[in-house]
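Okay, so the sequence shown: first residue is 8 according to our numbering, each after it adds one. A virtual CB, placed ideally from N, CA and C, is assigned to each residue, including glycine. Predicted model only: the values in this text are computed from it and were never measured. So the structure is just underneath, and the comments pick up after that.
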Amino acid sequence: MALDIKICGLKTDKALAAALAGGASHVGFIFFAKSPRFIDPLEAGRLREAAIAKAKAVAVTVDASDAFLDEIVGKMRPDMLQLHGSETPERLAELKARYGLPVMKVLPISEAADLERIRPFVGIADRFLFDAKPPKGSELPGGNGIAFDWRILAGLDAGVDYMLSGGLNAANIGDALRLANPPAIDISSGVESAPGVKDPALIEQFFRAVRAARNTRAA
């Protein structure tokens, strides 16, 4: 089974080049002002040029206004929208119709019961992203470097398409793939040398760890 891999929170040419060289299927750009990974839509549009025909460019937003989304879509030209806020199923449907783009809805997870939250979005969201619930007091809905118990995903309906996120890194990706067997993975802080600073060497290391884990499972 093919495994989609998204490197999220990219801001530099070198980091993007490392993600593409490693074989990323998706590259993410974050448009949330409080995040250390925030990028201007025009700069994201410049960077995403290198990803055309190589990886899908994802615009990550948090309860963004129509005006800001118009700017993002106009300047970056994303392949997909990722909604990381409190957006409702109705909001997802509205944005899909407005922009003609697929939408990925992020849901915070800490226990099996949280998976019930996907139900209203089934048939509307094109994909889900499961991330760990942020710690109390955090201003960031994601990118906190926290993992949840991946084993709870074993009970998920096989037809649910999702990305696994939250606390992934080269050291634990093997366990994540073995316990959850996700169709896709998303990493941000796990390939950073400091908050918001992507490290090309860590990105390369992560892809090596993914390949090693998949080869071990195949054997």
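Under the three-state DSSP convention, the category residue i falls into
i: Val217; result: helix
i: Ser200; result: strand
i: Ile131; result: coil
i: Leu88; result: strand
Bridge partners - residue i, DSSP secondary structure assignment
i: Phe45; result: Ile37
i: Pro207; result: Paired residue(s): none; Pro207 is not in a bridge.
i: Pro115; result: Asp138
Range of the contiguous alpha helix (DSSP H) that encloses residue i
i: Asp73; result: Asp73 to Met83
Continuous beta strand (DSSP E) stretch holding residue i: start and end
i: Lys63; result: Lys63 to Thr68
i: Asp239; result: Any question about residue 239 goes unanswered here, given that the chain covers just 8 to 226.
Whether residue i touches residue j by CB criterion (8 Å)
i: Leu171; j: Pro189; result: yes
i: Ala64; j: Pro43; result: no
i: Leu108; j: Leu99; result: no
i: Met83; j: Arg55; result: yes
i: Ala191; j: Leu160; result: no
i: Ala138; j: Gly173; result: Contrary to the premise, residue 138 reads as Asp rather than Ala in this sequence. Yes, the pair counts as a contact, with Cβ atoms nearer than the cut-off.
i: Ala25; j: Glu211; result: yes
- Message: Extract the residue ranges of the beta strand (DSSP E) inside the segment 135-194, only unbroken runs of 3 or more that lie entirely within it.
- Response: Taking only runs of at least 3 residues, the beta strand (DSSP E) segments lying wholly in the segment 135-194 are 169-171 and 191-194.
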